[in-house]
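Numbering (the numbering used here), first residue to last: 606 to 883.
Below is one structure, written out as structure tokens, with a few remarks after it.
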């Protein structure tokens, strides 16, 4: 008989920051808030949870079953701190990778974030790792994003299957603040709390997440730049396939004390399929 202990995945206990329940609707201002209004009313609370090591089992996790997948996707691009170069050269590359990986008809890369805590003061356009459990879109705000980005085509496109998928890549081997991904099969609608993200010209709506002990978490330690995580933030298909995978960075208790700050880039994409291919 196989040694079941040897087959069991390695599991670490790590703190993940969930939404502390509040009476009002969660909100964060990206633009300057009105006078006397705090930037956010969101508070988090850390819960120590088991996080499975997905190494050696990468093929077990798929976008349609779990809401995330790790793929090999080497790149020759390196101008990460030049936004114009990213838009001109890296985003089209991401579109090709996602289209091929998902068998999609069309992919539109529309947004990117570079995260590098070490360079925040020198470049305010950068961000630090988001150490809170969240999902970038809601079941309602995802279709609205299509309408805002592709207004002339939106109604036709929304009659077929579409998804919002992030491609997340580290810029060097991840040694601290890795990304934890929630398995869709452990997610319930009551875990999801709509939250406003207030810009100067629009209000986006995302999901904050309240703790549920049934959540199954997975991470891929020491992820390499040649590897990319595909993270499903929304899928219009409601036929049993995964519709999302909320996620968040966390403090890895196994990180070396002198680990360099994590550097990564994430690209958001709209993914469309012809009905015959969906």
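Glycine residues also receive a C-beta, built at the ideal position from the N, C-alpha and C atoms.
*For residue 700, which residues of its own chain have a beta-carbon under 8 Å away from its beta-carbon, when the five flanking residues on both sides are left out?*
As a working note, residue 700 is residue 95 in the chain shown. Excluding sequence neighbours, residue 700 sits near 712, 713, 714, 874.
*Cα-Cα separation between residue 839 and residue 790, rounded to whole angstroms*: Locating residue 839 in the chain shown gives position 234, counting from the first residue. Locating residue 790 in the chain shown gives position 185, counting from the first residue. Residue 839 and residue 790: Cα-Cα distance of roughly 15 Å.
*Best match in 843, 867, 799, 655 for proximity to residue 731 [C-alpha to C-alpha]*: Position 126 of the chain shown holds residue 731. The shortest Cα separation from residue 731 among 843, 867, 799, 655 belongs to 867.
*Pull up the DSSP beta-bridge partners for residue 671, would you.*
Numbered from 1 along the chain shown, position 66 holds the residue referred to as residue 671. Per DSSP, none; premise fails for residue 671.
*Starting from residue 703, follow the alpha helix (DSSP H) in both directions and report where the run begins and ends.*
The residue labelled residue 703 in the question sits at position 98 within the chain shown. Run containing residue 703: 696 to 707, per the alpha helix (DSSP H) assignment.
*Does the segment 791 to 808 come close enough to the segment 827 to 839 to have 3 or more Cβ pairs within less than 8 Å?*
no
_Please report the distance separating the alpha-carbon of residue 631 from that of residue 846._
What you label residue 631 is simply residue 26 of the chain shown in a count that begins at 1. What you label residue 846 is simply residue 241 of the chain shown in a count that begins at 1. Their backbone Cα atoms lie some 28 Å apart in a straight line.
*Just the Cα atoms here: how many angstroms apart are residue 606 and residue 657?*
Translated into the one-based positions of the chain shown, residue 606 becomes position 1. Translated into the one-based positions of the chain shown, residue 657 becomes position 52. Since pLDDT at residue 606 reaches only 45, below the 50 mark, its modelled position is unreliable, and the value read off the structure follows with that caveat. For residue 606 and residue 657, the distance between alpha carbons rounds to 24 Å.
*Count the other CB atoms, across all protein chains shown, that sit within 10 Å of the CB of residue 813; report buried if there are 16 or more and exposed otherwise.*
Reading the chain shown from its first residue, position 208 is the one you call residue 813. Burial call: buried.
*Any idea if residue 760 is buried or exposed, counting beta-carbon neighbours within 10 angstroms, 16 or more meaning buried?*
On the chain shown, residue 760 is found 155 positions in, with the first residue counted as 1. Classification of residue 760: exposed, given that the 10 Å Cβ count is below 16.
*Count the other CB atoms within 10 Å of the CB of residue 828; is the residue buried (16 or more) or exposed (fewer)?*
What you label residue 828 is simply residue 223 of the chain shown in a count that begins at 1. Result: buried.
_Using a Cβ-Cβ distance cut-off of 8 Å, determine whether residue 710 contacts chain D._
Chain labels in this structure do not include chain D; a single protein chain is all it has.
*residue 750 - containing alpha helix (DSSP H), residue span*: Taking the first residue of the chain shown as 1, we reach residue 750 at position 145. Where residue 750 is concerned, the enclosing alpha helix (DSSP H) stretches over 746 to 754.
*With DSSP collapsed to three states, give me the class of residue 801.*
As a working note, residue 801 is residue 196 in the chain shown. Residue 801: strand per DSSP, three-state reduction.
*If you pair each beta-carbon of the segment 753 to 768 with each one of the segment 852 to 870, do three or more pairs fall below 8 Å?*
no
*asked:* What residue range does the alpha helix (DSSP H) around residue 849 cover?
replied: The residue you call residue 849 lines up with position 244 of the chain shown. That residue, residue 849, is in no alpha helix (DSSP H); it is neither H nor E in DSSP.
_Endpoints, beta strand (DSSP E) assigned at residue 761_ = Here residue 761 corresponds to residue number 156 of the chain shown, with the count starting at 1. Per DSSP, residue 761 belongs to no beta strand (DSSP E); it is in the alpha helix (DSSP H), 759 to 762.
*asked:* By DSSP's criteria, residue 822 is part of a beta bridge. Which residues make up the other side?
replied: Locating residue 822 in the chain shown gives position 217, where the first residue counts as 1. DSSP output for residue 822 lists 656, 787 as bridge partner(s).
*Are residue 799 and residue 743 close, meaning C-beta to C-beta below 8 Å?*
Locating residue 799 in the chain shown gives position 194, where the first residue counts as 1. Locating residue 743 in the chain shown gives position 138, where the first residue counts as 1. Going by C-beta atoms, residue 799 is nearer than 8 Å to residue 743.
*asked:* Here's a check: name, in chain order, each residue in its chain whose Cβ is nearer than 6 Å to the Cβ of residue 842, leaving out the five neighbours to either side.
replied: Within the chain shown, residue 842 is the residue found at index 237, counting from 1. Excluding residues within five positions, the ones whose Cβ falls inside 6 Å are 766.
*asked:* Please report the straight-line C-alpha distance between residue 648 and residue 830, rounded to a whole angstrom.
replied: By 1-based counting over the chain shown, the position of residue 648 is 43. By 1-based counting over the chain shown, the position of residue 830 is 225. Straight-line Cα distance between these residues: approximately 32 Å.
*Can you tell me which of 691, 668, 740, 722 puts its alpha carbon nearest to the alpha carbon of residue 706?*
Taking the first residue of the chain shown as position 1, residue 706 is located at position 101. For the residues 691, 668, 740, 722, the minimum Cα distance to residue 706 belongs to 668.
_Top-ranked residue by Cα proximity to residue 863, from 793, 782, 717, 787_ = As a position in the chain shown, residue 863 is number 258, starting the count at 1. With distances taken between Cα atoms, residue 863 lies closest to 782.
*Euclidean distance between Cα positions of residue 629 and residue 642*: In the chain shown, counting from the first residue as 1, residue 629 sits at position 24. In the chain shown, counting from the first residue as 1, residue 642 sits at position 37. Those two C-alpha atoms are separated by around 14 Å.
*Do you know whose CA, among 746, 627, 796, 741, lies nearest residue 819's CA?*
Taking the chain shown and counting its residues from 1, one reaches residue 819 at position 214. Nearest C-alpha to residue 819: 796.
*Using the rule of at least 16 other Cβ atoms within 10 Å of the residue's Cβ for burial, across every protein chain shown, is residue 879 buried or exposed?*
The sequence position of residue 879 within the chain shown is 274, counting from 1. With fewer than 16 Cβ atoms within 10 Å of its Cβ, residue 879 is classed as exposed.
*Whole angstroms is fine: what's the gap from residue 738's alpha carbon to residue 749's?*
Translated into the one-based positions of the chain shown, residue 738 becomes position 133. Translated into the one-based positions of the chain shown, residue 749 becomes position 144. The alpha-carbon atoms of residue 738 and residue 749 are separated by roughly 22 Å.
_For a test of the three-state rule: what should DSSP assign to residue 723, helix, strand or coil?_
Here residue 723 is taken as the residue at index 118 of the chain shown, counted from 1. DSSP places residue 723 in helix when its eight states are reduced to three.
_Neighbourhood of residue 622 by C-beta distance below 6 Å, restricted to the same chain and skipping five residues each side_ = Here residue 622 corresponds to residue number 17 of the chain shown, with the count starting at 1. Same-chain partners within the cutoff: 649, 651, 736, 737.
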